[in-house]
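Report on the following structure.
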């Protein structure tokens, strides 16, 4: 794989990648993408800043089909508030052209507000 276009991403996801001026997947993205798309679990270890978050988000978002269901379809669990905020930000970047609602839930904030967001 030499470019994101080789991943055959859906149009909306490819538009978002283009807006981010990304052209070439990082090694972790290139290796993880086909494995995750096949439905297998992946453990990826790479340095900070190598694109691990996009490595798992790209295939998940790419495979989401339009649905009117109101229940959650994807749950990403991370260990810290900072990572929650980072993952939400990255999802929002990748779903710029996709109608997808993203919520970050973490400790230290009003639980009732978060419960309302999740219930919507």
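Numbering (my numbering), first residue to last: 40 to 159. Ideal Cβ placement from N, Cα and C applies to all residues, glycine included. Predicted model, so just to flag it, every value in this text is computed and none were measured.
Coarse secondary structure for residue i, derived from DSSP in three states
i: residue 111; result: coil
i: residue 50; result: helix
i: residue 105; result: coil
i: residue 126; result: helix
Segment limits, alpha helix (DSSP H) that includes residue i
i: residue 119; result: That residue, residue 119, is in no alpha helix (DSSP H); it is neither H nor E in DSSP.
i: residue 70; result: 66 to 76
i: residue 100; result: 91 to 102
i: residue 61; result: No alpha helix (DSSP H) contains residue 61, which DSSP labels as neither H nor E.
i: residue 157; result: 150 to 158
Contacts around residue i, its chain only, beta-carbon distance under 6 Å, and the 5 residues preceding and following it disregarded
i: residue 171; result: Lying outside 40 to 159, the shown extent of the chain, residue 171 is not represented and no answer is given.
i: residue 145; result: 120 and 123
Residue closest to residue i, alpha-carbon to alpha-carbon, out of the options
i: residue 127; options: 92, 78 and 67; result: 92
i: residue 120; options: 147, 130, 99 and 97; result: 147
i: residue 100; options: 67, 115 and 109; result: 115
i: residue 137; options: 80, 104, 89 and 73; result: 104
i: residue 110; options: 53, 139 and 117; result: 139
i: residue 131; options: 58, 44 and 42; result: 58
i: residue 72; options: 153, 47 and 129; result: 47
Residues near residue i by beta carbon distance below 7 Å, same chain, minus five either side
i: residue 67; result: 83, 85, 89, 90, 91 and 94
i: residue 142; result: 156 and 157
Close Cβ partners of residue i (< 8 Å) along its chain, the five nearest in sequence each way excluded
i: residue 106; result: 112
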